[in-house]
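One structure is given here, and the rest of the page talks about it.
2 protein chains.
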Amino acid sequence: MTSSYKEKKVIGIGIVHELTGLSERKIRYYEERELIFPARTAKGTRKYSFSDVEMLMEIASMREEGVQTTEIKQDMNKAQKRKIRDHMRRGQLNAQFNMRK
Amino acid sequence: MTSSYKEKKVIGIGIVHELTGLSERKIRYYEERELIFPARTAKGTRKYSFSDVEMLMEIASMREEGVQTTEIKQDMNKAQKRKIRDHMRRGQLNAQFNMRK
DNA sequence: CGTGTAAGGAATTCTGACACG
DNA sequence: CGTGTAAGGAATTCTGACACG
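Read top to bottom, the protein sequences are chains A and B.
Read in this note's numbering, the first sequence has 18 at position 17, and its numbers run on one by one without any break.
Read in this note's numbering, the second sequence has 95 at position 94, and its numbers run on one by one without any break.
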């Protein structure tokens with residue numbers, strides 16, 4: 002059930018700029034590099050979630066350390082795989098648990 | 002600590018319209034009647050929180066039942082007082098608890 | 001590669017008002 | 001009282017491009 006406020010794409014780019022301190026140019030560029038995935042309204046304006054905002058802040062600090070967008074993307078993929086692996090392991094444990102009762 | 006995503010004023014009126022189904026006219030009118038209190042950006046555009054969105058949905062259903070905005074506001078005040086009363090009672094209990102240990 | 005900027009258009013939002021009831 | 005709408009202006013956002021490096 003991933004329908005929390007944190008994931009809802011409702012924030013305009015102007016507010017994201019205020020929240021993160023990043024220029025709109027940068028925000029759009031990180032999307033182009035596929036580091037974030039805003040939604041679009043019917044007429045094409047971008048909408049971000051609080052999750053996206055947090056990701057942007059992480060991107061910002063990595064960029065400050067000189068990390069390139071490509072590397073950031075690789076890190077994201079690793080983190081994602083770790084998450085899936087953990088998720089599956091938990092599923093297995095639950096399966097075992099259910100077998101026993 | 003009321004700094005959760007739910008309270009952050011980051012949503013434009015267009016999205017609030019999509020989320021609630023209310024016309025922008027209605028949304029602005031309920032503000033005029035002091036039922037909701039959006040923030041304003043530096044240049045004057047309204048920003049709402051998820052909390053405001055929820056309140057709007059409650060307002061919407063009360064209006065459908067024919068409840069007038071004035072009455073809705075009174076209900077809000079009652080709910081608010083109840084909240085404060087409960088909050089204080091809890092504070093008292095905590096105080097007593099702390100006395101004993 | 002990452003980011004700034006000027007350009008022109010399209011979409012958004014704002015206010016005050018008139019309308020109806 | 002509650003809500004729609006047309007009006008005109010101001011602010012927002014979008015894309016594609018040129019610039020620098």
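Quick reminder that beta carbons are idealized off the backbone N, C-alpha and C, glycines included.
Fewer than three beta-carbon pairs drawn from the stretch 31–42 of chain A and the stretch 26–39 of chain B are found closer than 8 Å, and the two stretches are therefore not classed as touching. When DSSP states are grouped into helix, strand and coil, I12 (chain A) belongs to the strand group. Its Cα nearest to that of L20 (chain B), the residue B:Y49 stands out among B:Y49, B:K44, B:K79.
The DSSP-derived three-state label of A43 (chain A) is coil.
Residues of chain A whose Cβ lies closer than 8 Å to the Cβ of I14 (chain B) do not exist; the shortest such Cβ separation is about 11 Å.
Listed as beta-bridge partners of Y49 (chain B) by DSSP are B:I12. Taking the C-beta atoms as reference points, I12 (chain A) is found nearer than 8 Å to I12 (chain B).
F38 (chain A) does not reach chain B, its nearest Cβ partner there being about 17 Å away, counting only Cβ pairs nearer than 8 Å. Identification of residues in the stretch 21–34 of chain B having a C-beta nearer than 8 Å to some C-beta of chain A yields an empty set.
Against chain B, the beta carbon of V68 (chain A) has no neighbour under 9 Å; the closest one sits roughly 27 Å away.
Contact note: K82 (chain A) does not reach chain B at a C-beta cutoff of 7 Å; the least C-beta distance is about 27 Å.
Boundaries cannot be given for Y6 (chain B), as no alpha helix (DSSP H) includes it and DSSP labels it neither H nor E. Cβ-Cβ separation between S52 (chain B) and K7 (chain B): approximately 5 Å, consistent with a contact (criterion under 8 Å). Not a single C-beta of chain B is nearer than 8 Å to the C-beta of K74 (chain A). In this structure, DSSP gives G22 (chain A) a state outside helix and strand, which the three-state scheme calls coil. No Cβ-Cβ contact shorter than 8 Å links K74 (chain B) with R47 (chain B).
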